[in-house]
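For the sequence shown, counting from 1, position 141 maps to 141 in our numbering; every step adds exactly one.
A quick write-up on the structure given underneath.
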Amino acid sequence: MKTALNYLAALVAATVLTSLLGSFFSSQFVLHELQAIGADISLKTRLSMTIADLAILQTLVLAFGAALLIAFVAAAACAKFIGGNRLFWYVFAGSSAVITLLIVMSWQLQLMPIAGARSNLGIAFQALAGGLGGYLFAQLTRPTRPE
């Protein structure tokens, strides 16, 4: 049986993964758009900007964590009461949490808080980050089978 500490550790791991991937994807989308308007982006510049963008994690990691916590509680309820594949529920919940968070933050702030999510494809990649966070959470919390 999993303890609350196991679930907390899994939530932290999923939040960190989602945040790191979200930041990475955002950086790459911004750099792509700069290249599209003619900016010369060297590999050194790409790497330094990607690393520098990790600084936004201080702000976003808490928002991602709160959104994932709510989503994973909902996923657990869906898996228990609706049934089906629990992995599906957690991946879906992680993706949905990130999309919902971005929509709510965009509505509140009157701008998209993650520059790389200002296009549909950018939002899809942010959702992918959340889905992968959900996948990690599901794997780390999967039930153990009695021997």
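No residue lacks a Cβ here, since even glycine has one placed at the ideal position from N, Cα and C.
Nothing here was measured: the structure is a model prediction, and the numbers come from that model.
Asked, Found
"Fully enclosed by the region 10-81, which alpha helix (DSSP H) runs are 4 residues long or longer?", "43-52, 57-81"
"Grouping DSSP H, G and I as helix and E and B as strand, with all else coil, what is Leu101?", "helix"
"Report the rounded CA-to-CA distance for Val61 versus Ser19, giving the unit in angstroms.", "6 Å"
"To the nearest angstrom, how far is it from the Cα of Met112 to the Cα of Gln28?", "16 Å"
"On the three-state DSSP scale, how would you describe Asn120?", "helix"
"Quick one: what's got a C-beta closer than 7 Å to Leu31's C-beta in the same chain, skipping five residues either side?", "Ile41, Arg46, Met49"
"For a test of the three-state rule: what should DSSP assign to Arg86, helix, strand or coil?", "helix"
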